[in-house]
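Protein chains in written order, with the working numbering: chain A, -18 to 93; chain B, 14 to 128.
Have a look at the structure below, then the notes.
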Amino acid sequence: GENVEQHPSTLSVQEGDSAVIKCTYSDSASNYFPWYKQELGKGPQLIIDIRSNVGEKKDQRIAVTLNKTAKHFSLHITETQPEDSAVYFCAASTGTGNQFYFGTGTSLTVIP
Amino acid sequence: GAVVSQHPSRVICKSGTSVKIECRSLDFQATTMFWYRQFPKQSLMLMATSNEGSKATYEQGVEKDKFLINHASLTLSTLTVTSAHPEDSSFYICSAPLVRTPEQFFGPGTRLTVL
């Protein structure tokens, strides 16, 4: 089955700096890679996703890159703000209606 | 985006009792829903896949007689934790995928505490 690894497990950055979280996956059949933000006591919220036919996607301060050959994808947050502090999870899926395999999570702290 | 709700958001029960958690897709139909369990500071672990009109599929190590899943309609799946024990205390989260897309939407979670 799929194995998703995520690094780092914790990340602290100064407000305004950039944050990068990296994930690797093992199943070459995976073709959908979402990123979720989870605040304490709440369910995960989708913040950005990328499909295997695209190498990069950007939405304002958030971007995701995908390297299919190396089987890794990364989340980039620029101009970080204190409200970006949360736990971020990457996931991989083989497509429509199929289960997600989650990374272990990254606790991001943005220091004002 | 699509909305998934869960009820209750928080429940405290005594050891040995059963607890039912509901997961609803509010503005779309979901033939499949997923149930996850999340322990503090850990990732989401898939427990089972709920299928409308048929039996749920359980992940290895998850007791199907303890975690009863019923997908009664295209918008509702329920998870019943039977004979709950303190080790069942956790955050339970459901998700539902949109039809013909790989996207899934997650509920807000249910915090179960078994005394």
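From the three backbone atoms N, C-alpha and C, an ideal C-beta is built for every residue, glycine too.
Examine chain B for any beta-carbon lying closer than 8 Å to the beta-carbon of residue i, and answer yes or no.
{"i": "Lys49 (chain A)", "result": "no"}
{"i": "Thr5 (chain A)", "result": "no"}
{"i": "Asp40 (chain A)", "result": "no"}
{"i": "Tyr13 (chain A)", "result": "yes"}
{"i": "Gly24 (chain A)", "result": "yes"}
{"i": "Asp8 (chain A)", "result": "no"}
If we cut at 8 Å on Cβ distances, does residue i have a partner in chain A?
{"i": "Ile2 (chain B)", "result": "Outside the displayed span of chain B (14 to 128) sits residue 2 (chain B), for which this structure offers no information."}
{"i": "Gln73 (chain B)", "result": "no"}
{"i": "Glu116 (chain B)", "result": "yes"}
{"i": "Phe47 (chain B)", "result": "yes"}
{"i": "Pro21 (chain B)", "result": "no"}
{"i": "Phe80 (chain B)", "result": "no"}
What separation, rounded to the nearest whole angstrom, lies between the Cα atoms of residue i and residue j?
{"i": "Gln(-5) (chain A)", "j": "Tyr6 (chain A)", "result": "29 Å"}
{"i": "Ile43 (chain A)", "j": "Ser55 (chain A)", "result": "11 Å"}
{"i": "Lys54 (chain B)", "j": "Ala73 (chain A)", "result": "20 Å"}
{"i": "Pro63 (chain A)", "j": "Ile29 (chain A)", "result": "19 Å"}
{"i": "Phe41 (chain B)", "j": "Pro110 (chain B)", "result": "9 Å"}
{"i": "Gln80 (chain A)", "j": "Leu89 (chain A)", "result": "25 Å"}
{"i": "Pro15 (chain A)", "j": "Glu72 (chain B)", "result": "22 Å"}
{"i": "Ala15 (chain B)", "j": "Leu87 (chain B)", "result": "14 Å"}
{"i": "Leu(-8) (chain A)", "j": "Thr87 (chain A)", "result": "7 Å"}
{"i": "Gly10 (chain A)", "j": "Pro99 (chain B)", "result": "Before going on, a small fix: residue 10 (chain A) reads as Ala here, not Gly. About 39 Å."}
{"i": "Asn48 (chain A)", "j": "Lys68 (chain B)", "result": "37 Å"}
Using a Cβ-Cβ distance under 8 Å, would residue i count as near chain C?
{"i": "Gly29 (chain B)", "result": "Among the chains of the structure shown, chain C does not appear; the protein chains present are A and B."}
Inset, instruction - Answer yes if the stretch 35 to 52 of chain B comes into contact with the stretch 83 to 99 of chain B, meaning at least three C-beta pairs across the two stretches below 8 Å, and no otherwise. - result: yes
Inset, instruction - Give a yes or no on contact between the stretch 16 to 25 of chain A and the stretch 60 to 74 of chain A, applying the rule of three or more CB pairs nearer than 8 Å. - result: yes
Legend entry - Contact set between the stretch 89 to 107 of chain B and chain A, restricted to residues whose Cβ is under 7 Å from the partner: Ile106
Inset, instruction - Report the residue ranges of all beta strand (DSSP E) runs contained in full by the stretch 14 to 45 of chain B; include only those spanning at least 3 residues, in chain order. - result: 17 to 20, 23 to 26 and 32 to 38
Legend entry - the stretch 72 to 89 of chain A: positions lying closer than 9 Å to chain B by Cβ: Ala72, Ser74, Thr75, Gly76, Thr77, Gly78, Asn79, Gln80, Phe81, Tyr82, Phe83, Gly84, Thr85, Gly86 and Ser88
Legend entry - Contact list for the stretch 32 to 65 of chain B against chain A, Cβ threshold 9 Å: Thr44, Thr45, Phe47, Tyr49, Gln51, Lys54, Gln55, Ser56, Leu57, Met58, Leu59 and Thr62
Legend entry - Three or more C-beta pairs below 8 Å linking the stretch 44 to 58 of chain B and the stretch 101 to 117 of chain B: yes
Inset, instruction - Quick one: which unbroken beta strand (DSSP E) runs of 3-plus residues sit fully inside the stretch 17 to 80 of chain A? Chain order, please. - result: 26 to 32, 37 to 40, 43 to 48, 53 to 58 and 67 to 73
Inset, instruction - Pull out every residue of the stretch 43 to 70 of chain A whose Cβ sits closer than 7 Å to any Cβ of chain B, in chain order. - result: Phe70
Inset, instruction - Could you tell me which uninterrupted beta strand (DSSP E) segments, each at least 3 residues in length, are contained entirely in the stretch 46 to 104 of chain B, listed from first to last along the chain? - result: 58 to 64, 80 to 86 and 89 to 94
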